[in-house]
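Here the protein sequences come in this chain order: H and P. Position in the first sequence counted from 1, then plus 4, gives you this note's numbering. Position in the second sequence counted from 1, then plus 4, gives you this note's numbering. In this text, a Cβ means the ideal position worked out from N, Cα and C, and glycines have one as well. Just so you know, these numbers come straight off a predicted model, no measurement behind them. To start, the structure itself, in structure tokens.
There are 2 protein chains.
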Amino acid sequence: MVAQHSGVSPQTVSNALNSPDLLAPETLERVRRSIEKLDYRPHQAARSLRTKSSRLIGFEIQLTAFGVFGPVMANFLHALSESANEAGYGILLFAAPAGGEEETDRYAELLRERSVDAFILTNTYRGDRRPGLLRKRGIPFVAFGRWSARDMEDWVDVDGAHGTAAAVDHLAGLGHRKIAFLGWPRGSGVGDDRERGWREAMLRHQLSVRGLRVSATDDVDAARKAVEGLFPAGVTAVVAASDALALGCYRALRDSSRMPGRDVAVVGFDDSAAARLHSPDLSSVRQPLREAGRSCVQLLLARINEPLREPEQILLRPELIVRKSAASVIANRPARPGI
Amino acid sequence: MVAQHSGVSPQTVSNALNSPDLLAPETLERVRRSIEKLDYRPHQAARSLRTKSSRLIGFEIQLTAFGVFGPVMANFLHALSESANEAGYGILLFAAPAGGEEETDRYAELLRERSVDAFILTNTYRGDRRPGLLRKRGIPFVAFGRWSARDMEDWVDVDGAHGTAAAVDHLAGLGHRKIAFLGWPRGSGVGDDRERGWREAMLRHQLSVRGLRVSATDDVDAARKAVEGLFPAGVTAVVAASDALALGCYRALRDSSRMPGRDVAVVGFDDSAAARLHSPDLSSVRQPLREAGRSCVQLLLARINEPLREPEQILLRPELIVRKSAASVIANRPARPGI
């Protein structure tokens, strides 16, 4: 229909869509006007067979991730879908058995049967088989999370260290000196990064970190036990690696008749729904997840369009949201700062 | 390759895949063995052009929904993907401007360009244009949520009234008589259903509901204000339409030096992550969202395979999770029940 309308051959219309450089500008313009007038959209299945592109981006939904990621995942997924859709791509959501060969088999199946053009990977880890498979097949991918990524890869991540450092800066400004860090057991990229931000900021403020680092699994009760010794030792503020850990801190404070926000300042991480539901409201570090979703699609499209471009990495800054749990000047502030 | 291997024509192979009834059983068996031996999988784009089926199920991700649905959506989406994948279908995630013509245009575009086979709709509402469009085009869909569905449609929902009734049964069993309901403003299908469960259970236990129904928007602070008058009036238990409302109740209790779980029992709804992070742990009604995801796919596949079948509806029962906020026998239990 488009060919007839613009008085060219069907091959010329196909070239206009897929290799516009091959046409004379005036011919291209004529075909474009006809396409617009007829509201012609090539059917994706027909285009897939011709161009071997499905315009699908694969995204594996994982249940294991939801401890950390769950409550806020919706924002990420919505931004991802919106950005992909704007560029004419769809997000193909799929489940796979996490880890091991069965997982990579699933990726291979999607490449074979659906010609998925590219993937966005979350929760990559050391020993993850997925990046290797995709590299071998020359399939573009972007990792959200940089801990298993190589320098030669595209990734998007949130600067966790910046978030915990911002918390320390804020607390030091309120007069706190003994600022503890409540993290997860060492060994996770995300957790170690958040600890590093605290440690470096403490040094910058010339504050000692000795005895101020405690850890627990991401569980309220484990966190409660991990921090209870800190308060008799004079700790007046706690920066936690997650909101769940921070709320364990609330419990320990209440158990010892201390009041979060008044007697001891508490800052969490992730700004989950739970943070705002607590009393006092929990201060927390908010990750820019909509921006992260958009950035993942942006890097992926750049890679699809230019497979040999330099790898690009985007590190986004999180934002400290100050609420009542860390809003007031320290109660037992020493007469002279630093003492 | 398959045709050569099994000594039949390519058309016969195509029939074996798409219209197996046309073949003699022994021929079908021969082709099947070859397919298995060669590990042949038809490419989806080729199959789409032939059968006009993309084996894609569309799912619109909405941000508006996340107040209620967000924290637990991950479970629903994972179950949806897993069930669809097992049946050879993919979930196409997409964003659309909520409501109005732009939204239905997006659905029409996905039908035109991607030949999406079917849709799962969430957050349907009275006046929703999507079901009408899909009915007109003869596109199978299943609604998760029954409030705008017609009797002639397939839907899956969770029996909210059963959940709040279970909460009343439990509280009445502990000796509570003045059990209030803290709901949203009237007019939402979901909210009114949860209220109905409370009301009917109260009547069943021969308890008065007079003055025991209060409402607030889904916000901790609005909820706190809505309930503060209840406790001086002798209310000893509150059933809330959401966890956020229930946690507003915690605030009101603390403000008046009452202790949730000891002085007044509180039950929420949704069993969000926040429920377990609070002290005392919040009792809450848990929706079976994995089962809901699986049921949506099950109904959709049945409809795709048999377009003229009777409409089917699946109403799932939620489960009351009893935690410390509603675990103990009422403190000021009257000497004789009913007084």
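Counting only the same chain and skipping the five closest in sequence on each side, list residues whose C-beta sits under 7 Å from that of residue i.
i	result
H/L26	N19
H/V224	A248, L251, G252, R255
H/P14	A7
P/A171	V243, V271, V289, L324
From residue i to residue j, what distance separates their C-alpha atoms?
i	j	result
P/T31	P/R116	36 Å
H/V72	H/W188	Reliability fails at H/V72, whose pLDDT of 41 lies under 50, so the model's placement of it is uncertain and no value is given.
P/G179	P/S332	10 Å
H/E105	P/P292	30 Å
P/H166	P/G193	14 Å
P/E323	P/E107	35 Å
P/G233	P/G215	10 Å
P/L186	P/S329	16 Å
H/G195	H/W151	11 Å
P/S181	P/H174	Sequence check: residue 181 of chain P is Arg here, not Ser. Rounded to the nearest angstrom, the two C-alpha atoms are 11 Å apart.
P/K41	H/C300	40 Å
P/A169	H/L281	25 Å
H/E33	H/M5	16 Å
P/R298	H/F98	14 Å
P/R313	H/N309	46 Å
P/R208	P/N89	45 Å
H/L305	H/M156	17 Å
H/I143	P/R262	60 Å
H/E204	H/T128	26 Å
H/T221	H/R190	10 Å
H/A227	H/W202	18 Å
H/F235	H/S260	9 Å
P/K229	P/Q210	28 Å
P/R154	P/P311	17 Å
P/L303	P/L138	16 Å
H/S219	H/G136	33 Å
H/I183	H/R141	49 Å
H/V12	H/L81	42 Å
H/E295	H/V268	33 Å
P/L67	H/T16	42 Å
If you count every other CB in all the chains shown that lies within 10 Å of the CB of residue i, and 16 or more means buried, which is it?
i	result
P/M206	buried
P/S212	exposed
H/D274	buried
P/S23	exposed
P/G177	exposed
P/G131	exposed
P/A102	exposed
P/A83	buried
H/R258	exposed
H/G238	exposed
P/A112	exposed
What residues are listed by DSSP as bridge partners for residue i?
i	result
P/G62	P/L96, P/F123
H/L186	H/V218, H/A244
P/S287	P/V271
P/P14	In the DSSP output, where bridge partners are listed per residue, P/P14 has none listed.
P/P264	P/V268
P/E323	P/R290
Grab me the residues of residue i's own chain with a C-beta within less than 6 Å of its C-beta, minus the 5 sequence neighbours each way, in chain order.
i	result
H/S85	I95
P/R200	A165
H/R133	T108
H/G2	Shown here, chain H extends from 5 to 343; a query on residue 2 of chain H therefore has no answer.
P/S10	R34, V35, S38
H/R217	F185
P/R110	A100
H/A147	L125, T128, A153, W159
P/P29	none
P/S87	R298, V301
H/P315	M156, E157, D158
Spatial neighbours of residue i within its chain, please: C-beta separation below 8 Å, excluding the five flanking residues on both sides.
i	result
P/L60	Y93, G94, I95, L96, R118, S119, V120, D121
P/R327	A279, R280, P284, D285, L286, S287, S288
P/G265	P284, K328, S329, A330, A331, S332
H/K56	S119
P/A91	V301, L305
H/A69	Residue confidence is low: H/A69 scores 49 on pLDDT, short of 50, so the model does not pin down where it sits. Its coordinate-derived value is still stated next. The residues are M77, T126, N127.
H/I334	L178, G179, H180, T240, A241, A269
Say whether chain C places a C-beta atom closer than 8 Å to the C-beta of residue i.
i	result
P/G94	Here chain C cannot be found, since the structure's protein chains are H and P.
Worksheet item: How do the stretch 236-252 of chain H and the stretch 242-250 of chain P stand: do at least 3 beta-carbon pairs fall below 8 Å, yes or no?
Response: Not touching, per the Cβ criterion.
Discussion item. Using 8 Å as the cut-off, can you tell me whether the stretch 160-173 of chain P makes contact with the stretch 305-324 of chain P, which would need three or more C-beta pairs spanning the two stretches below that distance?
Written reply: Yes, since at least three Cβ pairs between the stretch 160-173 of chain P and the stretch 305-324 of chain P fall closer than 8 Å, the two stretches touch.
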